[in-house]
Every structure is written in structure tokens, then in C-alpha cells.
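Novice: Below is one structure. I have some questions about it.
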Amino acid sequence: MLFSYLPSPCQRLESTSFLGREVWVKRDDLLHAEVSGNKFRKLKYPLLALQERKPTLVTMGGPWSNHLHALAHAGALGGWPTMGLMRGAAGVESATLDDCRRLGMQIQFVSRDDYRQLRDDPQAWRQHIAADDDSHVWLPEGGSAPAALRGVAELVDELPFIPEVIMVACGTGATLAGILAGLQGRGRVIGIAVLKNAGYLHQEIARLLQEAGYPAYRNYELITDAHHGGYGKAPPELRQFCREFSKEFEIPIEPVYTGKLFHALRNMQQAHAFRADERVLAVHTGGMQGARGFVD
28 MLFSYLPSPC QRLESTSFLG REVWVKRDDL LHAEVSGNKF RKLKYPLLAL
78 QERKPTLVTM GGPWSNHLHA LAHAGALGGW PTMGLMRGAA GVESATLDDC
128 RRLGMQIQFV SRDDYRQLRD DPQAWRQHIA ADDDSHVWLP EGGSAPAALR
178 GVAELVDELP FIPEVIMVAC GTGATLAGIL AGLQGRGRVI GIAVLKNAGY
228 LHQEIARLLQ EAGYPAYRNY ELITDAHHGG YGKAPPELRQ FCREFSKEFE
278 IPIEPVYTGK LFHALRNMQQ AHAFRADERV LAVHTGGMQG ARGFVD
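Per the working numbering, the sequence shown starts with residue 28, numbered consecutively.
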């Protein structure tokens with residue numbers, strides 16, 4: 028079965044001059060070869076709820092979307108037809124979209140205005156499909172539905188200990204919210220927002236926790252100035268950091284999510300943001316599609 032898996036490993040990185048302290052890494056990039064990392068966890072329970080029926084799964088994303096890529100694979104493996112509403116004009120191509128089409132996903136391009144409406148209106152996706160019945164099911168951008176939090180929360184139960192600090196990259200806030208749900212008030216979470224003007228993620232995190240039936244946990248901090256120019260921006264210094272990190276620790280990272288996470292971790296360590304007795308664990312959320320969009 029797609030969602031039968033062994034817990035991902037928790038890898039200890041020795042203290043070196045590169046990071047400046049011992050760090051544990053939850054290697055969710057190793058959960059599944061194709062349905063990668065936090066996408067695997069976020070899709071788990073929404074798709075398990077649909078295993079007795081086979082509706083077309085409709086979602087949204089950009090040309091290098093980890094979520095589109097993961098859902099295309101999950102649909103092919105589980106027998107669900109899939110459809111991706113893709114931001115951009117017809118003719119936009121990427122290796123990620125090539126994979127999605129090869130796996131059977133129908134790609135439909137939408138304008139930036141329509142894409143914005145898909146974010147703002149939970150029913151706007153219906154304007155882009157022909158059927159007006161239950162033959163299609165919507166999965167939000169990034170797979171960030173309230174039901175996704177349960178799968179992410181299971182990550183905490185797999186840890187060998189409850190760290191004082193868990194760090195994670197944030198796009199929609201659902202992974203951070205799921206970790207809070209799993210921690211149940213223990214420790215603290217530091218989210219590294221990968222996009223500009225991300226203060227609104229506080230409201231998203233609160234909404235997801237409430238709609239998923241969890242308490243309003245607030246034992247977290249959101250860092251909003253470590254985005255390196257915005258979502259999908261990868262200046263040369265950040266790309267160089269990713270190359271050096273991957274060489275130092277033999278752990279692949281990319282500049283869209285995990286690169287910004289570990290770069291921020293190093294900066295915080297250099298700024299003495301952690302106590303010496305705090306155990307710091309970083310969640311490697313997988314999703315290496317972003318790396319395919321940059322040629323060094």
C-alpha cells in the first residue's frame with residue numbers, strides 16, 4: 028500500500044564549523060522515493076479517506092511544484108485520476124510538469140488572477156472543471172487541508188526524543204501546524220517562512236489547528252526575514268550554501284525550502300539564538316523539485 032512505510036530516519040550531524048553545533052535532522056526526504064517528505068504526510072489521510080472511491084483529484088501549483096509532483100505519483104500509484112491547475116500561460120514547460128503528464132495528470136493553465144482566486148475562494152476550482160458533482164475532489168495548494176495535520180503530527184511520535192527546538196521551512200504553514208499538533212505543547216517550533224510578507228501564516232496556522240480539532244498551540248516562532256528575496260528566489264550565495272551543505276553532510280537540499288531552513292539555522296546559531304543545552308532538530312521536508320529549476 029502507498030501509505031505503508033517505515034519511519035524516516037533521524038540523523039545526527041556532529042558539530043562542525045559549518046553549522047557550529049550538533050543538529051538532528053528528521054530525514055523525511057527518505058520517506059518515499061517520489062511522494063516526497065511532508066507531501067507524503069499531508070496527503071496520507073485525505074487520500075486514505077478516498078480509497079473506497081476513485082474521484083479525480085484536483086489541485087493547484089506552479090511549474091516546479093513539489094505538491095503537483097507528489098500528487099501525480101500518488102494518483103498513479105493509488106489509481107486516482109489527477110488534475111493540476113497550473114499558474115501561468117499555456118506553453119510553460121518544466122521537467123516537473125513533464126513528469127506529471129507522464130504519470131497521467133491533466134494540466135490546465137490558469138491566469139494569475141484566477142490562481143489568486145483559487146487561493147481566496149474554496150469553491151473557485153469548480154469553475155475549471157466540467158462536472159458539477161462529487162466525481163472530483165479538491166485538495167488545496169500544497170496539500171494543506173486540515174486533515175493533513177494528522178499525518179504530519181505522526182512525525183513527532185517517530186522521534187527518539189522530544190527536542191527543545193524543532194525547525195522547519197514554511198510555505199503554507201500546514202507542516203508547522205501539524206508538528207505543533209504532534210508536540211501537544213512540548214518544546215518550541217521555529218518556522219522559516221520561504222516567501223515575503225508571511226505574517227499572515229500566523230492566521231493560517233491558527234485556522235488549520237482549529238479546523239482540524241486541535242488546541243490553539245502557540246509554542247512557536249515564525250521567522251519572516253530569511254526568504255532571500257521571496258518564494259522561488261535563490262541568490263548565488265544561497266545556492267553556494269546548498270552545495271556546501273550537501274557536500275559537508277551528504278544530505279541533498281535545495282534553495283526553495285530546505286536550503287533556506289538550514290541557512291537560517293546556521294545564522295541563528297552564529298547569533299547565539301539557542302541555549303547550549305537545547306537539542307535542535309531540523310525537519311528535512313523533502314521536495315527536491317525546486318532544485319531542478321536552477322542551473323548552476
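C-beta atoms are modelled at their ideal positions from N, C-alpha and C, and glycine is treated no differently.
All values reported here derive from a predicted model rather than from experimental measurement.
1. Alpha carbon to alpha carbon, what distance is there between residue 247 and residue 90?
2. Between residue 98 and residue 176, is the Cβ-Cβ spacing less than 8 Å?
3. In three-state terms, what does DSSP make of residue 215?
4. Under DSSP, the beta strand (DSSP E) around residue 296 begins and ends at which residues?
5. Quick one: what does DSSP say residue 96 is sitting in, helix, strand or coil?
6. Going along the chain, which unbroken runs of the alpha helix (DSSP H) with 4 or more residues stay wholly within the stretch 91-174?
7. Between residue 199 and residue 312, which are expected to be in contact by the criterion C-beta below 8 Å, what is the C-beta distance as a whole number of angstroms?
8. Out of 305, 102, 276, point me to the one whose CA is closest to residue 132's CA.
9. Reducing DSSP to helix, strand and coil, say where residue 311 ends up.
10. Residues in its own chain within less than 8 Å of residue 222 by CB, not counting five upstream and five downstream?
11. State the start and end residues of the unbroken beta strand (DSSP E) segment that holds residue 88.
12. Over the uninterrupted alpha helix (DSSP H) stretch that includes residue 75, give me the two end residues.
13. Given residue 68, which residues of its chain have a CB within under 6 Å of its CB, disregarding the five upstream and five downstream residues?
14. So, with DSSP's three-state summary, where would you put residue 398?
15. How far does the alpha helix (DSSP H) with residue 210 in it reach, from first residue to last?
Specialist: In short:
1. As a working note, residue 90 is residue 63 in the sequence shown. As a working note, residue 247 is residue 220 in the sequence shown. So the two alpha carbons sit approximately 31 Å from each other.
2. The residue labelled residue 98 in the question sits at position 71 within the sequence shown. The residue labelled residue 176 in the question sits at position 149 within the sequence shown. Taking 8 Å as the Cβ cut-off, residue 98 and residue 176 do not qualify as a contacting pair.
3. Here residue 215 refers to the residue found at position 188 of the sequence shown. Correct three-state label for residue 215: strand.
4. For the purposes of this step, residue 296 is taken as residue 269 along the sequence shown, with counting starting at 1. Note, residue 296: premise wrong, no beta strand (DSSP E); alpha helix (DSSP H) at 285-297.
5. To locate residue 96, count along the sequence shown from 1; it is residue 69. Of the three classes helix, strand and coil, the one that applies to residue 96 here is helix, per DSSP.
6. Within the stretch 91-174, the complete alpha helix (DSSP H) runs of at least 4 residues are 93-105, 122-129, 139-147.
7. Translated into positions along the sequence shown, residue 199 becomes position 172. Translated into positions along the sequence shown, residue 312 becomes position 285. So it is not a contact: roughly 12 Å between Cβ atoms.
8. On the sequence shown, residue 132 is found 105 positions in, with the first residue counted as 1. That would be 102, whose Cα lies nearest to the Cα of residue 132.
9. Translated into the one-based positions of the sequence shown, residue 311 becomes position 284. In the three-state scheme derived from DSSP, where H, G and I count as helix and E and B as strand, residue 311 is classed as strand.
10. The sequence position of residue 222 within the sequence shown is 195, counting from 1. Within the same chain, 198, 254, 257, 258 come within 8 Å of residue 222 by CB-CB distance, once the 5 residues on both sides are set aside.
11. Start at 1 with the first residue of the sequence shown, and residue 88 comes out as number 61. First-last of the beta strand (DSSP E) with residue 88: 83-88.
12. Numbered from its first residue, the sequence shown carries residue 75 at position 48. Its alpha helix (DSSP H) spans residues 64-75.
13. What you label residue 68 is simply residue 41 of the sequence shown in a count that begins at 1. If we look at residue 68 and ignore the five residues flanking it on each side, its Cβ neighbours are 178, 179.
14. Not covered by the structure: residue 398. The range shown for the chain is 28 to 323.
15. Stepping through the sequence shown from its first residue, residue 210 is reached at position 183. 201-210 is the extent of the alpha helix (DSSP H) around residue 210.
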